[in-house]
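Just below is one structure, and these are the notes that go with it.
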Ligand code: ACO
Ligand code: ZN
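In full-length UniProt numbering, the protein residues as written are 299 to 524.
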C-alpha cells in the first residue's frame with residue numbers, strides 16, 4: 299500500500315534519474331523528452347568531432363599500447379588543422395570558454411591523443427610564453443566561502459602578483475570524460491615537455507597552466523608535485 303508521499307518520491311526519482319551515455323559520456327535524464335532531444339543533438343555532433351579517420355601525413359610524437367599522440371601546427375595541411383580546431387571547439391564548449399580564438403594562433407601547437415578505437419580522446423593546446431603567474435594554494439580563510447563567492451575564490455587561487463619566467467603555456471587541456479584517469483593528460487604533458495622546443499626538455503617549472511578549472515587544478519597540482 300502506497301501513500302501520497304511515496305508516489306511523489308517515486309515521480310521525483312524518475313524525473314531526475316540520470317543516465318550516462320556509454321558512447322558520448324553525456325549525463326542526461328532518459329525519461330525527459332527535452333533531455334533526450336539535447337542528448338541526440340549532442341551525441342552525433344560530438345562523435346563526429348572526435349572521430350579520427352587517419353591522415354596521409356601524421357606527425358606522431360609518442361606511441362603507446364592504447365593510442366598515439368599527434369602534433370598539429372598551424373601550417374599543417376587543412377585536414378589536420380580542421381580536425382584540431384573541431385576537437386578544440388568540443389573541449390572549449392565543455393570548459394565554458396566563449397572565445398574560440400587563441401591569443402597567438404600562429405604559434406600554437408595542438409597535441410591530440412588518438413585512441414586505438416580511432417577517437418581523439420585528448421586535446422592539449424600549448425603556446426610560447428615568456429612569463430606566468432604561479433598558481434597559489436588557497437589561503438585558509440577563503441576555504442569556506444559561500445557559493446556566490448566562487449568567482450572571487452577562483453581568482454584568488456590563480457595568481458601570485460610577481461610574474462615568473464616560463465616558456466610554455468598550456469591554454470587548454472581536455473580529456474574525453476569516458477577516458478579520464480588513465481594518464482592521458484599526464485602523457486600529453488610529458489610529450490609536450492620533450493617536443494615543444496626542439497632539442498630541449500622542459501622542466502615542470504617551465505610549464506604554466508592558464509586559468510585552471512577545479513579539475514585542471516587538481517590535475518596540475520598532482521602533475522607538478524610528482
Ligand atoms: N580529481 C582529483 N584528482 C585528479 C583529477 C580529478 N578530477 N583529475 C586528475 N587528477 C590527478 C590524479 O591524482 C591523477 O592520478 P590518479 O588517476 O592515479 O589518481 C593524476 O591527476 C593524473 O591524472 P590523468 O589521468 O593524467 O588526467 P586525465 O587524463 O583524467 O585528465 C583533465 C585530467 C584534463 C583535467 C580532465 O579531467 C578533463 O579534461 N577535465 C575537463 C576539462 C578541464 O577542466 N580541463 C582543465 C582545464 S584547465 C586548462 O585548460 C589550462
Ligand atoms: Zn550519447
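A virtual CB, placed ideally from N, CA and C, is assigned to each residue, including glycine.
Query, Result
"Cβ-based burial, residue 499 [other Cβ within 10 Å; buried from 16]", "exposed"
"Proximity below 8 angstroms, CB of residue 482 to CB of residue 417", "no"
"Residues passing the C-beta test against the ligand ZN heavy atoms, cut-off 6 angstroms", "319, 321, 322, 324, 337 and 341"
"Strand pairing of residue 506, partner residues [DSSP]", "467"
"Distance between residue 316 and residue 463 (C-alpha atoms, nearest Å)", "45 angstroms"
"At least 3 beta-carbon pairs within less than 8 angstroms: the region 370-379 vs the region 496-516", "no"
"Buried/exposed call for residue 354, threshold 16 Cβ in 10 Å", "exposed"
"Residue from 489, 320, 346 and 523 with nearest C-alpha to residue 382", "346"
"Opening and closing residue of the beta strand (DSSP E) in which residue 413 lies", "407-413"
"Of the residues 407, 420 and 351, the one placed nearest residue 364, counting alpha carbons only", "420"
"Residue 414 versus 517, 469, 351 and 405, residue with shortest Cα-Cα distance", "351"
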